[in-house]
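Okay, so here's the structure we're looking at.
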Amino acid sequence: MKTRTCLAVLTLTLSAATALPAQAATDTHLEGQLPSGAAYLMDVPAGWNGTVLLYSHGYRPAGVPNPAQNSPDSTTRDKLLAEGYALIGSSYATTGWAVTDAVPDQLATLDLFIQKFGTARRTLAWGTSYGGLVTTTLAERHADRFDGSLSMCGLVQGGVANWNSTLDPVFALKTLLAPGADIPLTGFADQAAAGSAAKALASKVSAAQQTPEGRARIALAAALHNIPGYNATTQTEPGPADWDGQEANQYTAVTGLVQLPAFSWRQEAESRAGGDPSWNTGVDYTAMLGRSPLYKEVTELYKEAGLSLRTDLTALNRAPRISADPAAVRWMRHTSVFSGRLSDPQLDIHTTGDGLIPVQAESAYRRAADAGGSGALLSQAYVDGPGHCAFTSGEMTGALHTLEHRLDTGRWDSSAAALNSRAAQEDPTTEPRYVTYRPAGYPRPYDLAHPGDARP
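In mature numbering (1 follows the signal peptide of the UniProt record, and there is no 0), the protein residues as written are -24 to -1, 1 to 432.
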């Protein structure tokens, strides 16, 4: 176990629950508030096994409830408590792109746990979605506090890559579906301005979906973001050559991208960064499409529509580009970009049909970890299924035990077969879906391990 240094005693506002000694005869449930204003939540079973799991939750937009969370869901929470794990987590003091609050709040929650229950035998960071970014930031920048980490459906491409890749599909939609419209894609003054732009572009996308030409162009935009043709558990899985069915599913995800991440969530992130942290100057969209696993679908839909793909790609490549604000890029690099330098093992799991954080994000972090010299510490595994963070409880707890096996033995046993075996042991009622899989490259990776990356 690594040496941990506890910070100064925190001034706490506790709820009605009162902390019990570490060797309490009954389970302990503790809630309260950190000095930052973030809420925290701790559950420690009477038969604590000595391992504490610090959970980082996903993105929460401004205005939504922001409770503390210490597990992905109640089923997984109950299962892990029954197995003896202590579960802790905070709400983060603010919502949105809150990494500068999330990291210190999570560390403060861990400090408080140590004060109340003593130093754990083993401390693991884990998180989902945006919480995967928080988890990986904790793993890279505060390695002395943790023994290992588990990122699930994580935003492990980092902040700059994420916002660059979010820009590309809406740039294509605006250029091809609304070439004369005054629809800003960055630099929003406030949420109202972002919402107005989102509404204007969403209207163009909705109209385009009614024609073969429009559907082909929506598929092109989806391909630039690597949105798969089966990306939600509510969808019907199209056949491998059902291009229309794949595009219909992508349309749903593209509409969701326009409605929230590309405009509203971007504006919130820009307000923190002090400007626009993304750009598409110097991007060759012809080359980007050629690298996409969705290239065949796009070419077939363009052929069906009688459109020239070359003409549209030329229009994209000749369209006026968007430049970033250098200070905003520096802020994002400082807070939300990865070095790829791990000191302890990290396991990443991702669904193959994720439409919000496409599975290619894992390629971006693999690139960073290999360049950062910690490739052997990183293992990545894939669940064959649609949806963002659409894991079963068994698949998540099986991944956790796979990380523990690596810590216990010094070697990875993270094949699809091994993960499926552990997942089935955890949940015999649901068939696990881990498969051998290698994602395509991320469209525009950006990390601190590659100083030669294109700059804005």
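Think of the CB as a built atom: it goes at the ideal place given N, C-alpha and C, for glycine as much as any other residue.
Residue i in three-state terms, based on DSSP
| i | result |
| --- | --- |
| threonine 406 | coil |
| aspartate 218 | coil |
| isoleucine 64 | strand |
| glutamate 338 | helix |
| valine 313 | coil |
| alanine 14 | coil |
| leucine 83 | helix |
| glutamine 356 | strand |
| valine 146 | helix |
| valine 110 | helix |
| glycine 163 | coil |
| alanine 157 | coil |
| threonine 385 | helix |
| glutamate 189 | helix |
| tryptophan 139 | helix |
| leucine 236 | coil |
| leucine -15 | Low per-residue confidence applies at leucine -15: pLDDT is 34, beneath 50, and the placement is therefore not dependable enough to give any value. |
| asparagine 25 | coil |
| proline 269 | coil |
| aspartate 346 | helix |
| glutamine 45 | coil |
Counterpart residues of residue i in DSSP-defined beta bridges
| i | result |
| --- | --- |
| methionine 128 | Thr104 and Ile325 |
| aspartate 19 | His5 and Leu63 |
| proline 362 | Gly329 |
| tyrosine 31 | Gly65 and Trp102 |
| valine 411 | Tyr358 |
Local Cβ density within 10 Å of residue i, reported as buried at 16 or more and exposed below that
| i | result |
| --- | --- |
| alanine 170 | buried |
| valine 40 | exposed |
| serine 67 | buried |
| proline 204 | buried |
| serine 369 | buried |
| glycine 135 | buried |
| aspartate 54 | exposed |
| threonine 327 | buried |
| arginine 286 | exposed |
| glycine 156 | exposed |
| proline 296 | exposed |
| histidine 364 | buried |
Proximity below 8 Å, CB of residue i to CB of residue j
| i | j | result |
| --- | --- | --- |
| phenylalanine 147 | glutamine 243 | no |
| alanine 416 | leucine 395 | no |
| glutamine 336 | glycine 124 | no |
| glycine 251 | aspartate 301 | yes |
| threonine 262 | leucine 289 | yes |
| serine 299 | tryptophan 255 | yes |
| isoleucine 159 | leucine 177 | yes |
| tyrosine 271 | alanine 199 | yes |
| alanine 69 | serine 12 | yes |
| threonine 104 | proline 48 | yes |
| residue 447 | alanine 357 | Residue 447 lies beyond the stretch modelled for the chain, which goes from -24 to 432, so this question has no answer here. |
| leucine 126 | valine 79 | no |
| tyrosine 106 | glycine 34 | yes |
| asparagine 207 | arginine 420 | no |
| methionine 128 | isoleucine 325 | yes |
Same chain, Cβ closer than 7 Å to residue i, five either side skipped, listed in chain order
| i | result |
| --- | --- |
| alanine 119 | Ser319 and Asp320 |
| alanine 303 | Gly250 and Gly251 |
| histidine 426 | Ala347 |
| alanine 291 | Thr151 and Leu152 |
| alanine 38 | Thr71, Gly72 and Glu244 |
| arginine 398 | Gly374, His377 and Thr378 |
| glutamate 276 | Trp219 |
Sequence-distant residues of the same chain with beta carbon closer than 6 Å to residue i, five excluded per side
| i | result |
| --- | --- |
| glycine 190 | Ala184 |
| leucine 86 | Leu30 |
| alanine 400 | Pro408 |
| glycine 23 | Gly60 |
| serine 350 | Arg317 and Leu318 |
| tyrosine 227 | Gln185 and Ile194 |
| aspartate 238 | The residue asked about is misnamed: residue 238 is alanine in this sequence, not aspartate. Thr142 and Val146, listed in sequence order. |
| arginine 382 | Pro321 and Trp388 |
| glycine 293 | Looking at the sequence shown, residue 293 is not glycine but asparagine. Contacts found: Tyr261. |
| alanine -3 | With a pLDDT of only 46 at alanine -3, under the threshold of 50, the placement of this residue in the model should not be trusted; the figure read from the coordinates follows. Hits under 6 Å: Phe93 and Gly94. |
| methionine 308 | Gly135, Val136, Ala249 and Pro253 |
| serine 339 | Pro415, Gly417 and Tyr418 |
| threonine 412 | Ala392 |
| threonine 278 | As written in the sequence, residue 278 is tyrosine, which differs from the threonine given in the question. Ala192 and Leu285. |
Cβ shell of residue i (< 8 Å), same chain only, five flanking positions each side left out
| i | result |
| --- | --- |
| alanine 58 | Pro21 |
| alanine -17 | The predicted position of alanine -17 is uncertain, since its pLDDT is 32 and thus under 50; a value taken from the coordinates is nonetheless stated next. Nothing meets the Cβ criterion. |
| leucine 353 | Leu318, Ser319, Asp320, Pro321, Gln322 and Ala345 |
| lysine 175 | none |
| serine 268 | Ala199, Leu200, Asn202, Val274, Ala416 and Pro419 |
Distance cut-off 7 Å: residue i Cβ against heavy atoms of the ligand ATP
| i | result |
| --- | --- |
| alanine 58 | With respect to the ligand ATP, the structure shown offers nothing to examine, as it has no ligands at all. |
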